[in-house]
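If you're matching them up, the sequences are chains E and Y in order.
Just so you know, we're using this note's numbering here: the first sequence kicks off at 1 and counts up by one.
Just so you know, we're using this note's numbering here: the second sequence kicks off at 1001 and counts up by one.
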Amino acid sequence: MNGGSVPGVATGGAPVPPMDPLSASRLSTIVSHDLDIRSHDPDGTPRRMGFFTDSSLCIGCKACEVACKEWNQVPDDGLLFTGESYDNTGDLGCNSWRHVAFIEQTREVAVPGDGGGPATRWLMASDVCKHCSNAACLDVCPTGAITRTEFGTVVVQPDVCNGCGYCVSACPFGVLERRRDDGRVWKCTLCYDRLREDMEPACAKACPTKSIQFGQLSELLPMADARVAELHRRGVAEARLYGADRADGVGGFGAFFLLLDEPEVYGLPPDPVDPTRDAWQGWSAAAVAALGLVATIGVAFLGRGRR
Amino acid sequence: MAECHPVGFQWVVEARERGATVIHIDPRFTRTSALADLHVPIRAGSDIAFLGGIIRYIIENDRWFHDYVVEFTNAATIVGDGFRDAEEQDGVFSGFDPDTRSYDPQSWMYRGASVAAATGNRARPAGADGTSRPQQDRSLKDPRCVFQLLRRHYARYTPELVAQVTGVPVATFLRVAEALCRNSGRERTSAFCYAVGWTQHTVGVQYIRTAAIIQALLGNMGRPGGGILALRGHASIQGSTDIPTLYDMLPGYIPMPGTAPYTDWQDFVRCNSSPTGYWGHMEEYFVSLMKAWYGDAATEENGWCFDHLPRIDADHSAYVFTKGMLEGTVKGLFLLGENPAVGSSAGKFNRMAMSKLDWLVVRDLVEIESASFWYRSPEIESGELRTVDIPTEVFLLPAAAHTEKDGSFTNTQRLLQWHHTAVEPKGDCRSELWFFYHLGRIIRRKLAGSTEERDRALRDLTWDYPTKGAIEEPSAEAVLAEVNGHGADGNPLNGYVELRKDGSTSCGCWIYCGCYAGGVNQTARRTPVWEQGTWPAAQWGWAWPDNRRVLYNRASADAEGRPWSERKRYVWWNEEAKRWEGVDRPDFRAVTPPSYRAPDGAQAEMAISGNDPFVMQADGKAWLYAPFGLRDGPLPTHYEPLESPFPNALYPETPHNPVLQVVESSMTPLARGGADEVYPYIATTYRLTEHHTAGGMSRFTEYLSELQPEFFCEVSRELARERGLENAGWATIISPRAAIEARVLVTDRIPPLLVQGRVVHTVGLPFHWGAMGLSTGDSANDLLHLGLDPNVHIEEAKAALCDIRPGRRPRGRALLELVEGHRRRAGLAGGGSGSAGRPQA
């Protein structure tokens, strides 16, 4: 909209060409206006959508936590002072679907011209359900309450969930948790209701520094690769992606991360595995054992018959 | 900035991604530091030493922007022979009266010419009539020229002295100074962003002045990417200064009339403005303001109702009128979105003062501590106050939130942005606009038949705003239209140059003139920059004045009007068109060529030469040296905070700002004269991202409260070891004013510093908490004293002295005894008796 500018009054006077260094197409390096946040192709086909959470841009404002709760009407998680830096949320759970970790690090570093000394680093990263490509929670859910949506995300349907809790122990990240009051499991839906309307999730919308980028996974992944390469070029050698590898133990995350240290430092498992991935081996072993048992019993009967 | 202004900080992150160097100077390592290229921990209260060191570095290493400085600043101007620098007189400038502890600034004036200040003390000094121009030595060699005075004044601010005073190592200081110089000049600019970490000191105004000197020396003013940005603490705090809630100001920075015996309104304007520069048009601005307020009742014959305006007879700043409440001279108080029981220094002083009022009106979203002090407060808990003894009648009136009303926000860059009602306010919640419109309407109805002269000021007001809806909400847009103003034909004005002093124009705030140009709400425009295609996005909102995005932008071109560089071109002189043009609205008379030289006796903008970009200034120059306008000296100089564990390394005889203001009270004794043995640590207050100032908008909502659920203090490992403090345990913090308890956060982010050869510790205190809401706790501001900056009366909240010990504080009388015991050991006058008195120089 062009809310009623008055010629020659408040529009900057005579027309001038755009300034070269700031031409409209290059207005922003981190705020990408090209990233397509619509969850459907033009023909209406749903897309696989996800998050790329870039912790190198996170300022720890927790707007994601608050926006998530406001939109999804998630209750508060208790007013508890932890004494763990500025993190009073602790971890992801039924009542915290985004969680910003704060990690204080002090190490001896060489500062050019200063001859070295202690330097403080404060890592901040907004964690969220990974929406695994191979989601254990979904596989173990006996009621079908956990489903994969048309956007490739993993969602718990509260009206179907019976609170059995199988998914809680299946999740390699400890994302799923039952609410004490109603017994059901709650977690990030990647704002399924917003995606249906081609709107970005509340946390990504609220993030002021675009640490949380939302888009098609197929666009986010190369963007993340380029970001890591750029940070390496600038000398941030510790930058790495977490959950971008489609060949990992959960088939890659639908919500993946750029971290500035080992995953363990952020409280994340370094090599998460879908525990149902190798389930067929278990069933095979059981089958072998069962066959063996049958054979043994048969032999026993045979033996008795002989007797 | 990331901590308190996370949304604005996105642009710092953006700049960093484009290659900008981000330096963060703060006693604690914050969320800002986490994203900065360099964090510099500094001792709270020592910034002038640090910035003064940069000034010396710039001058001694010849890093100043020669052409910019010679042409656009007052570096070449000769100062009168009577001036004596603080460096010559052990910390006091000439004109100091030790009896009144104040300055007569007469000796600070230029040689051969007198100028009024565009801000600060606006009284017109003798002889400031524009008939003569100040003398200059453009070679900058004259020992009495500003540049040489500046060089001598900061000669002692060596990197070693900076390190000794501030605790910043020499190498780190040099890294900052070099980065700043390297990123300034023709091709590059640097910006300073500051907030109350700079202003809340007894030398707060001079902090900003020091930054202004640096930016003028480096050529970083009036240019894209430059400037000094005041990050404001609330939405539209800038707006509440422009159209002020300040006791000494009328809209648009027109001073409030004093009790001086003006002969008429023109005499008032004459006494409070410069005839040269754009303040030379104050008559137009003033008459248009009076026409906006009094309409047809304001006539030339009655001096445009000048006598309707109240006159200032004394200092009525916040802590002074609060003391008036204590003493019974102030009987009633309106609190609008303000929570002094938590947010102001020396909480007890404020709460005790409120307990003496006849009536108190609190308009807020929730029941804040300033509305509940009479039944829940530290004084009720300790037994110092009993509810039955408090006569104050408290009216708590629910306010509408910004989403429930129309209106504008003015932000730090002077950008006005309109917000529309999203939902109607619930129940009895109403906007401030509603409250004051209907209050005024009812009072005027009661006065309708009055023949008392004193009621004329209310009866003559134009008070005819249209209302809408069931709740009769006044039209905010009608108010904006009034602020914008209109001409004799009733049509909205397009800009302040159209204002007249013959009564044919009305305008509620001259700097906002044009925000409703063409009858269109310019502040509601929301065309994103990527749709405008041009920069700097003139069609997003509206910036005062005249929709200019960079003030004084004529300085973006050289003396001849050519851009300093192609990379930084912004506004320039078009010789063919004989006009200034650029990507922004030129902040200069459009047809004044660079070659124009103002003749003696020229007035207003005609007294501004073609090489004078600072058009509000009487001499058109950036003031490296302020010959007038400040109460505490023409050059910033380092003084220790009022409470400091260190002597002044520069002036042993003058520890503190010699003219600082102290509001005296038996409740607020000062830790001085060796008291630092009992109160050895520096207490500094600040905000957290999760909470909003005194907590009224955050501690009452669960989603924010759970993120920072309890009041805590931040201490280093070393201090924790020294005092036996445990992480997540409790600590009691004690000052001469109060003792409070807080949870403990032990962190390397608030490091001890080496100052004057010994280690000093800082106790970091977020100040958000009080007794009400979901997240409750003691108030950090209770610890603070009432030492104020003498220019603007702001409190020294950022550097006070305290003690800290493990464990929770005692309750009841025992708490008072704890505070009293510390005072006794420190040899301070106790509560209830004695007085802090003036600081001894």
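Backbone N, C-alpha and C fix where the C-beta goes; we use that ideal spot for every residue, glycine too.
A quick note: this is a predicted structure, and the numbers were derived from the prediction, not measured.
Between the stretch 1009–1020 of chain Y and the stretch 89–107 of chain E, the count of Cβ pairs shorter than 8 angstroms is below three; the stretches do not touch. The beta carbon of residue 1003 of chain Y lies closer than 7 angstroms to those of 1030, 1031, 1032, 1687, 1688, 1689 in the same chain, with the five residues before and after it left out. Note: residue 1418 of chain Y is bridge-paired with Y:1408 in the DSSP secondary-structure output. Closest in alpha carbon position to residue 1538 of chain Y, among Y:1672, Y:1330, Y:1203, Y:1416, is Y:1416.
Around the beta carbon of residue 1067 of chain Y, fewer than 16 other beta carbons sit within 10 angstroms, so the residue counts as exposed. In the structure shown, the three-state DSSP call for residue 1129 of chain Y is coil. Burial is judged here by how many other beta carbons sit within 10 angstroms of a residue's own beta carbon; residue 1238 of chain Y has at least 16 and is buried. Here residue 1154 of chain Y is buried. Its C-beta has 16 or more other C-beta atoms within 10 Å. In this structure, residue 1305 of chain Y places its C-beta atom within 8 angstroms of the C-beta atom of residue 1460 of chain Y. If you draw a 10 Å sphere on the C-beta of residue 1132 of chain Y, you find fewer than 16 other C-beta atoms in it, and that means exposed. Here DSSP, grouped into helix, strand and coil, assigns residue 1690 of chain Y to coil. Membership of residue 1822 of chain Y in the alpha helix (DSSP H) is indicated by the continuous run 1813–1826. Taking 8 angstroms as the cut-off, the Cβ atoms of residue 235 of chain E and residue 277 of chain E do not count as close. For residue 1727 of chain Y, the nearest CB of chain E lies under 8 angstroms from its own CB, placing it at the interface with that chain. Below 8 angstroms, enough C-beta pairs join the stretch 1470–1486 of chain Y and the stretch 1400–1408 of chain Y to call them touching: three or more. Cβ-Cβ distances below 7 angstroms link residue 74 of chain E to 68, 95, 97 in the same chain, with the five nearest sequence neighbours on each side left out; the list follows chain order. Between the beta-carbon of residue 1085 of chain Y and that of residue 1096 of chain Y there is about 12 angstroms, and that puts the pair past the 8 angstroms contact cut. In the three-state reduction of the DSSP assignment, residue 1050 of chain Y falls in the helix class, which pools H, G and I.
One finds 1002, 1003, 1006, 1009, 1010, 1013, 1031, 1032, 1034, 1035, 1689 in chain Y with Cβ atoms closer than 9 angstroms to the Cβ of residue 59 of chain E, taken in chain order. In the three-state reduction of the DSSP assignment, residue 1603 of chain Y falls in the coil class, being assigned neither a helical nor a strand state. In terms of beta-carbon proximity, residue 1410 of chain Y stays away from the interface with chain E, with every pair separated by 8 angstroms or more. Interface criterion met: the Cβ of residue 1748 of chain Y is under 8 angstroms from a Cβ in chain E. For the alpha helix (DSSP H) assignment, the uninterrupted runs of no fewer than 4 residues enclosed by the stretch 1016–1052 of chain Y are, from N- to C-terminal side, 1031–1035.
For the 8 angstroms CB-CB criterion, residue 209 of chain E and residue 49 of chain E do not form a contact.
Rounded to whole angstroms, the gap between the alpha carbons of residue 1452 of chain Y and residue 1309 of chain Y is 16 angstroms. For residue 203 of chain E, the enclosing alpha helix (DSSP H) stretches over residues 202–206.
In the three-state reduction of the DSSP assignment, residue 1541 of chain Y falls in the coil class, being assigned neither a helical nor a strand state.
Counting the other Cβ atoms within 10 Å of the Cβ of residue 160 of chain E gives fewer than 16, which makes it exposed. Under the 8 angstroms criterion on CB atoms, residue 83 of chain E is classed as interfacial with respect to chain Y. When the Cα atoms are used, residue 296 of chain E and residue 289 of chain E turn out to be separated by approximately 10 angstroms.
Legend: CB atoms of the stretch 1684–1713 of chain Y lying less than 8 angstroms from CB atoms of chain E belong to residues 1688, 1689, 1690, 1702, 1703, 1704, 1705, 1706, 1707, 1708, 1709, 1710, 1712. From the listed residues Y:1785, Y:1493, Y:1795, Y:1221, the smallest Cα separation to residue 1557 of chain Y is found for Y:1221. Using a CB distance cut-off of 8 angstroms, residue 1753 of chain Y does not count as an interface residue toward chain E. The beta-carbon of residue 124 of chain E is placed less than 8 angstroms from the nearest beta-carbon of chain Y. In this model, residue 1551 of chain Y and residue 1108 of chain Y are separated by some 27 angstroms (Cα to Cα). When DSSP assignments are scanned along the stretch 149–182 of chain E, the uninterrupted stretches of alpha helix (DSSP H) that are 4 or more residues long and fall wholly within it turn out to be 166–170.
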